[in-house]
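Below: the structure, in structure tokens.
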Amino acid sequence: MNEQALVQIKNLSKTIGSKRIIKNLNLDLYKGQITGFLGPNGAGKTTTIRMMVGLMKPSEGDVLIDGKSVKHNFEESIEKVGVIVENPEMYKYMSGYKNLLHFSRMHKGISKKRIDEVVHQVGMKNRINEKVGSYSLGMRQRLGLAQALLHDPKFLILDEPTNGLDPAGIREFRLYLQKIARENGVAVFVSSHLLSEIELLCDRIAIIQNGELIDIKNVKELQQSRFLFKVEPLAEAEEILTGIGFPVSQFEGGLLVETEAEHVPGAVKILVNANISIFAVQPFKATLEDQFLEMTGGGDIAQAHSK
Amino acid sequence: MLKLTQNEWMKLWSRKSSWIMIILLALILLASAAITKWVDNSMDMNNTESWQEVETNEMIYNQSMLEDNSLSEAQREFYEGEVAISEHRLENDLPPYEYDSMQQGVIDSHIMMSVVTLFTVIIAGGIVAAEFSQGTIKMLLTRPVKRWKILTSKYIATMLYAILLAIVLFIVTAIAGLIFYGISDGTFLTWNGSEVVEGSFWLEGLKLLALSFASVWIIGTFAFMLGTVFRSSSLAIGLSIFLMFTGIQAVFLLANYEIVKYYLFTHTDLTQYYTGFMPVEDITMTMSVIVLIVYFIIFMAISYLTFSKRDVTA
Chain F
19 MNEQALVQIK
29 NLSKTIGSKR
39 IIKNLNLDLY
49 KGQITGFLGP
59 NGAGKTTTIR
69 MMVGLMKPSE
79 GDVLIDGKSV
89 KHNFEESIEK
99 VGVIVENPEM
109 YKYMSGYKNL
119 LHFSRMHKGI
129 SKKRIDEVVH
139 QVGMKNRINE
149 KVGSYSLGMR
159 QRLGLAQALL
169 HDPKFLILDE
179 PTNGLDPAGI
189 REFRLYLQKI
199 ARENGVAVFV
209 SSHLLSEIEL
219 LCDRIAIIQN
229 GELIDIKNVK
239 ELQQSRFLFK
249 VEPLAEAEEI
259 LTGIGFPVSQ
269 FEGGLLVETE
279 AEHVPGAVKI
289 LVNANISIFA
299 VQPFKATLED
309 QFLEMTGGGD
319 IAQAHSK
Chain V
14 MLKLTQNEWM
24 KLWSRKSSWI
34 MIILLALILL
44 ASAAITKWVD
54 NSMDMNNTES
64 WQEVETNEMI
74 YNQSMLEDNS
84 LSEAQREFYE
94 GEVAISEHRL
104 ENDLPPYEYD
114 SMQQGVIDSH
124 IMMSVVTLFT
134 VIIAGGIVAA
144 EFSQGTIKML
154 LTRPVKRWKI
164 LTSKYIATML
174 YAILLAIVLF
184 IVTAIAGLIF
194 YGISDGTFLT
204 WNGSEVVEGS
214 FWLEGLKLLA
224 LSFASVWIIG
234 TFAFMLGTVF
244 RSSSLAIGLS
254 IFLMFTGIQA
264 VFLLANYEIV
274 KYYLFTHTDL
284 TQYYTGFMPV
294 EDITMTMSVI
304 VLIVYFIIFM
314 AISYLTFSKR
324 DVTA
């Protein structure tokens, strides 16, 4: 990633009372990339996102969006951001269209045509003139997406966006986000607790725990290739495989070997020659969930703080 | 700012309560005129005094008030004017408006301003608080618009609604007067400080209405502040209405202390300088206006500070 980061989170900290909720968070987000934001409940995801969009003031540090500081240059920096914070709450007593009209007036130069375009994009054409109070949760999510896209943002922040969407809706939503990231070069930042969803959606994952960023990984890295060897005797086989340079670990009565598929036949040959009985060799794919739990130490909920 | 105010105006009229309050105001005015007329009709039998007799009695009473040496300047002028007007009427045979005439209704329309205050408080207390309780505040504040601008647009929308209510009050009062009272043959006389002149009852009514709008404005601003600070419309509305009623009573309790001169409710009724009813005597119009402006600045400063500094966690 050589290009300039679109969003830079710099030394972001938040102290409420005597408790430091967010501790020196540093994170860069890039054009066209979808970054997932994962963490156990109470880890500080929502607080971080609220500081990024100006709903909360950071105690220390700053967020730069396209070089503009959210702290000192709010109007210019936030102009480029589309936000869905948790459930998109709309004015229930107004129609979907009036809601969009309302938000469009708060940005510069959004035409009626643009509103129609976005309505069409999120597939709300038929219901847009009905009151939001009559919408289902899924429709409100669509309207929430529409309001975030109105001003063609360069950066999209979504806090738990798929809450309340049905599986088909989630899929559609995911494909849509991936499309705008790829085609329009939008940087997307998504917090979620749905790990499987994040895995499918994101290019990169940032993991936060107790207000600290503990890891940033590319999803491809996470999906590295590993194979599970069910062999007897275990100790001898481990010695041989380690001896020829494979990273090996014991796992559920077998050996977990980090290697590419092309090296597997060679490894098998060597084991056979050494008189090791091979019962099975299978590709092993740890889910993101396993890794997430591993990294966050079982995902204990961080010490409660008032929300 | 125009677009933001347009937004607030659209939201305000999208809620049924805003319409209901306008309709309710009109109904209250029509009903009270109808009731007055009905009570009049059933009591008319005993009323045989001519307007000359009534005017003479009033003049004698006003003259006796003038003998009181503790009167403030404003009050003295008021009673002198009243006496002069009565003399002029009796000399030139110019009857006043009957109190159940359309014209007198228009002049007295400001009496019903407390209803306008009440409805304004309901809007003012809720306009910020509702954004928090609906959760829409998150949507509103993540726009490229500074918070103070959003708050200002809300304040402007509130005051526009209050002005609209006052206009409705004035127009409906006139219509109710035409329907239930009819037009009187009397004349409207006013004392300009040196002589009695004929005046327009429309202008007199508007003048008193504008003066009593000061109280709508300041109490509305107070409710606006409470709604912004506590983010609870029921608290803001309840507390404002409670203070509106007890606050004025407290003027009488505090009347003997110096502090009453700096107390908000001593000054909220600016019509006191024209109607002669002054619970605290040694205050002037200028002083009242200054006190009101100082309170206004304090209320607004508190609103702006809390609104723009607050961390939104709702």
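If you read the sequences in order, they're chains F and V. Oh and the first sequence: position 13 is 31 in the working numbering, straight run, nothing missing. Oh and the second sequence: position 114 is 127 in the working numbering, straight run, nothing missing. The beta carbon of each residue, even a glycine, is placed where N, CA and C say it ideally should be. All values derive from a computational prediction rather than experimental measurement.
Do residue j and residue i count as a contact pair if the criterion is CB distance below 8 angstroms?
{"i": "M298(V)", "j": "Y308(V)", "result": "no"}
{"i": "G79(F)", "j": "L30(F)", "result": "yes"}
{"i": "S225(V)", "j": "T284(V)", "result": "yes"}
{"i": "V293(V)", "j": "F278(V)", "result": "no"}
{"i": "M257(V)", "j": "I315(V)", "result": "no"}
{"i": "G139(V)", "j": "G240(V)", "result": "yes"}
{"i": "L193(F)", "j": "G100(F)", "result": "no"}
{"i": "I96(F)", "j": "A199(F)", "result": "no"}
{"i": "I135(V)", "j": "M56(V)", "result": "no"}
{"i": "D84(F)", "j": "K63(F)", "result": "no"}
{"i": "R123(F)", "j": "K167(V)", "result": "no"}
{"i": "K172(F)", "j": "V136(F)", "result": "no"}
{"i": "V299(F)", "j": "V290(F)", "result": "no"}
{"i": "I254(V)", "j": "L131(V)", "result": "yes"}
{"i": "S77(F)", "j": "K32(F)", "result": "yes"}
Could you confirm whether any beta carbon from chain F is found closer than 8 angstroms to the beta carbon of residue i?
{"i": "M14(V)", "result": "no"}
{"i": "A142(V)", "result": "no"}
{"i": "D53(V)", "result": "no"}
{"i": "Q76(V)", "result": "no"}
{"i": "S166(V)", "result": "no"}
{"i": "D295(V)", "result": "no"}
{"i": "L318(V)", "result": "no"}
{"i": "D324(V)", "result": "yes"}
{"i": "M155(V)", "result": "Note that residue 155(V) corresponds to Thr in the displayed sequence, not to Met. So yes, T155(V) belongs to the interface."}
{"i": "K24(V)", "result": "yes"}
{"i": "S27(V)", "result": "yes"}
{"i": "V242(V)", "result": "no"}
{"i": "N70(V)", "result": "no"}
{"i": "G139(V)", "result": "no"}
{"i": "N20(V)", "result": "yes"}
Could you name the residues that DSSP lists as bridge partners for residue i?
{"i": "D46(F)", "result": "Q26(F)"}
{"i": "E78(F)", "result": "S31(F)"}
{"i": "V266(F)", "result": "V275(F)"}
{"i": "E1(V)", "result": "Absent from the model: residue 1(V). The displayed extent of chain V is 14 to 327, so no value can be given."}
{"i": "K37(F)", "result": "I34(F)"}
{"i": "V101(F)", "result": "I175(F)"}
{"i": "K274(V)", "result": "BP columns for K274(V) are empty, so no partner."}
{"i": "F55(F)", "result": "S209(F), A224(F)"}
If we cut at 8 angstroms on Cβ distances, does residue i have a partner in chain V?
{"i": "V103(F)", "result": "yes"}
{"i": "I96(F)", "result": "yes"}
{"i": "V71(F)", "result": "yes"}
{"i": "R68(F)", "result": "yes"}
{"i": "E280(F)", "result": "no"}
{"i": "Q165(F)", "result": "yes"}
{"i": "M106(F)", "result": "Reading off the sequence, residue 106(F) comes out as Pro, not Met. At least one chain V Cβ lies under 8 angstroms of P106(F)."}
{"i": "M112(F)", "result": "yes"}
{"i": "Y115(F)", "result": "no"}
{"i": "M124(F)", "result": "yes"}
Take residue i and list the residues in its own chain whose beta-carbon comes closer than 6 angstroms to its own, dropping the five residues that flank it on each side.
{"i": "I102(F)", "result": "G162, A166, L176, P179"}
{"i": "F201(V)", "result": "G212, F214"}
{"i": "D46(F)", "result": "A23, Q26"}
{"i": "I288(F)", "result": "none"}
{"i": "S31(V)", "result": "L25"}
{"i": "I258(F)", "result": "A292"}
Beta-carbon within less than 7 angstroms of residue i's beta-carbon, same chain only, minus the 5 sequence neighbours each way: which residues are those?
{"i": "F193(V)", "result": "A46, A47, K50"}
{"i": "L195(F)", "result": "I52, V206, L219"}
{"i": "I188(F)", "result": "T180, E215"}
{"i": "Q321(F)", "result": "Residue confidence for Q321(F) is low, a pLDDT of 42 falling below 50, so the modelled location carries little weight; the figure read from the coordinates is stated next. Cβ within range, chain order: n/a, list empty."}
Who are the near neighbours of residue i in its chain, counting only those whose CB is closer than 8 angstroms to its CB and skipping five residues on each side?
{"i": "H120(F)", "result": "Y109, M112"}
{"i": "M142(F)", "result": "G114, M157, R160, L161, A164"}
{"i": "F191(F)", "result": "Q159, L163, P179, T180, L183"}
{"i": "S331(F)", "result": "Beyond the ends of chain F as shown, which are 19 and 325, falls residue 331(F); an answer cannot be given."}
Mind listing the chain B neighbours of residue i? Cutoff is C-beta to C-beta under 8 angstroms, in chain order.
{"i": "K197(F)", "result": "Judged by its chain identifiers, the structure shown contains no chain B, and its protein chains are F and V."}
Practice task
Take every Cβ of the region 157–172 of chain V, pair it with every Cβ of the region 88–102 of chain V, and state whether three or more of those distances are shorter than 8 angstroms.
Solution key: no
Q) Can at least three beta-carbon pairs, one atom from the region 211–220 of chain V and one from the region 99–119 of chain V, be found at a separation below 8 angstroms? A) yes
Contact between the region 221–240 of chain F and the region 39–53 of chain F is defined here as three or more beta-carbon pairs at a separation below 8 angstroms; is this criterion met? yes
Sufficient close CB pairs (3 or more, under 8 angstroms) joining the region 66–78 of chain F to the region 142–156 of chain V: yes
**Report entry** Inter-stretch contact at 8 angstroms, needing at least 3 Cβ pairs: the region 72–86 of chain V / the region 176–190 of chain V
**Finding:** no
- Message: Can you confirm whether the region 31–47 of chain F touches the region 225–235 of chain F when touching is taken to mean that 3 or more C-beta pairs between the two stretches lie within less than 8 angstroms?
- Response: yes
Across the region 122–130 of chain V and the region 92–106 of chain V, are there enough close Cβ pairs to call them in contact, namely three or more that are closer than 8 angstroms?
no
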